[in-house]
Every structure is written in C-alpha cells, then in structure tokens.
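Note that UniProt numbering numbers the sequence shown so that position 220 is 220, with each residue one more than the last. Each residue gets a CB set at the ideal place from its N, CA and C atoms; glycine is no exception. The structure under discussion appears below in the form of structure tokens.
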Amino acid sequence: MAASTLPFPAVTPDGRSAQDDPAVWHEVFTDIADAGFDHVDLTDSWLRPGDLDGPALDRLAGTARDLGLGLASVSAIRRSVIDTKDGDANLAYSHRTIDAAAALGIGVVSVGLHQALTPQQKEQLWFWTAPGHHDDPDDWPLAVARFQELGRHAAEVGVLLSLEMYEDTFLGTADSAVRLIEDIGLPEVGLNPDIANLVRLHRQVEPWQELVEKTLPFTNFWHVKNYSRDEDLERDAYFAVPAPMQFGLIDYRSAFRTALANGFQGVICTENYGGDGLSVCAANRDYLRRHVLPKRHGYALGTSRVRQPGLTGAAR
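Below you can see the structure in the form of structure tokens.
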C-alpha cells in the first residue's frame, strides 16, 4: 500500500522545486513516513523520475531508503501518447519513465490518455466539473500501437504497465478500457481502474459495481479514492465531492472481494484531492487494513487476465 505524492506541490511555498531539490524529497518522504506509510507512489505532478539522471535517481532512492520507505510505483499523469501536439514527446517521456522505474527497482508504471487541464478546468474549485479533452475515435490504432511499444519496453526491463481510467478517453468506460487492453494483447499491460475518476463526474455515469466487475479481471495496479455523490435524474442534477474511502459512494469492501476473486495482487495507491490529502490517504490505508483486506491466511485468490507485479521495495 503506497501513499501518492499527489497532495504535494511541485514547487514549495518558498519557491523550491521538487524536481531539483533533494531537500524537498527528504521533507516529503519524512511526512509520508511519519504518516505511517512504508511505500510511496511517485506521482509525477510532484516529481518526474523520467527526467532525473542516474546520480539523481541514486540520491532519490537513498533518501527513501534512509527513511524506511520503498518506492512502489510511478504514476505519470496527463502525458497522453496520442496528444495531437505533444504525443511524440509524451511517448519519449513515458519510455524514460519506464527506464527510471527499472533503475529504481519499481515494478509498475501507471500511464493514461488524459491530457492537460483546460483553462476553464483550472478556474474551477474541482476541475472535473468542467469539460476536458475527448479522444478522437480515429486515434484508436495509434493508442494501441504506442501502448504496445511501451508494454514491450516495460517487459524488457521487468516493469509492468498500467493504464489509468479517465473520462472521455479510450479508458473512459469499462467496455472501452477492456477492449483497449485486449487489443494491446500483452500480459504486461493491464488496467488501473481508478473508477472514482468517473464517479465524481457531474453527469450520469456507469454504476460503480459494473465498472468493478468488468475491469478488475484486467487490473495490475490501483489508484483508490472515493467521492460522495448525489443525483436527481428528473432535474438532470449531479453533485460529487471528495470523501474518505469508507464514507463515499464506492463500497471498497465489495470491490476488493471482486479484486481478489480475479487474482489482483498489485500495488494499492491511496489518493485524495483537497484538504490535508496525506492524512486522508493515511485514513484510507487504515480503513483498508482494518476492515477490507484479508486478515487470515488461506483466502481464495482467483486468476488474473494480466500479469501481477512482484513488489521489490525499490531503493537501490
């Protein structure tokens, strides 16, 4: 179970860059360790491992190791490989990120097709309340080919690739996401079913139960968070705000039963937007440990449709 670095800014209030200042790494990793975590997801909105050189990767790993933390995963967000303007650059960045993960002993990299926030989204309290990018159906073959390229690279260096679900992309519905994985056709490429990304939308959405049932057989990594949601279909009114996992709409006790029945054994990355995000991530971790995840040996584990990672714990 890993803490996302999503709650931490790329630039500190006093102007220091997380990308360039190892002192910032130490401060953030200290906060994460003090919150009771023993593993970290390197979310690249905070730090881009793919843009660090070898000595910097060594220092990053050493900083985590000194604080008793393993580096569990990398989440590369808003770097769509089919972006009309930046797709080629994002593909190259994704390759660098896979290599950085391998150098750090990290077993899984999560990528997606969501693109940069629009100016309108940046003006909102919650960006998901404004419309964003929609994938062009004509780009489906390109997405398949580029994820195949990344998947083969990942397999060569001992890393798994996970594709994050996100609205209005080819990973924006359960059926489309599963079809994409099947078209890619590599056991090293699976889904990151961040279904809360869909539950939070202020419009009609797929029932979370259907999302779980269809996507968990193909899951090899999992961003978990939750939202409180209300709907009034007659008035076409929808409302959602972040909530701790145990209090939101998605029943993760049920979802994890489905996950285990389908052989999921991957990294679980706890996330949250707003407020004291790290504390909510820690509360979500505790909820999963105390109430959801198996506590007894011998529980039944099904067979996944994709390869599951072996967590090595990271620091070199």
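Item, Value
"Roughly how many whole angstroms lie between the Cα atoms of Pro309 and Gly68?", "21 Å"
"Leu160 and Asn220 look like a contact to me (Cβ under 8 Å); what is the Cβ gap, rounded to whole Å?", "5 Å"
"Give me the Cβ distance between Asp99 and His133, rounded to the nearest whole Å; I'm assuming they're in contact under 8 Å.", "Not confirmed; about 27 Å, so no contact."
"Between the C-alpha atoms of Leu173 and Ala3, what's the straight-line distance to the nearest angstrom?", "In the sequence as displayed, the identity of residue 173 is Thr instead of Leu. Taking the straight line joining both Cα atoms gives about 26 Å."
"Go through its chain and collect everything with a Cβ distance to Ala314's Cβ below 6 Å, but skip five positions before and after it.", "Any reading at Ala314 must be qualified, since the residue scores a pLDDT of 39, below 50, and its modelled position is unreliable; no value is offered."
"Out of Lys225, Gly274 and Asp194, state which residue places its alpha-carbon closest to the alpha-carbon of Val212.", "Asp194"
"For Arg305 and Leu163, I'd like the C-alpha separation in whole angstroms.", "14 Å"
"Contact between the stretch 2 to 22 and the stretch 40 to 58 is defined here as three or more beta-carbon pairs at a separation below 8 Å; is this criterion met?", "yes"
"Does the count of Cβ pairs from the stretch 220 to 229 and the stretch 133 to 147 closer than 8 Å reach three?", "no"
"Just to confirm, are His223 and Asn192 a CB contact at a threshold of 7 Å?", "yes"
"Report the residue from Pro131, Ser75, Glu149 and His114 whose alpha carbon sits nearest the alpha carbon of Ala92.", "Glu149"
"Leaving out five residues before and five after residue 337 in sequence, what residues of the same chain have Cβ atoms less than 7 Å from its Cβ?", "What the structure shows of the chain is the stretch from 1 to 316, and residue 337 is not part of that stretch, so it cannot be assessed."
"Strictly by DSSP, which residues pair up with Ser228?", "Val241"
"Starting from the Cα of Thr258, find the closest Cα among Gly277, Pro217, Cys281 and Gln246 and give me that residue.", "Pro217"
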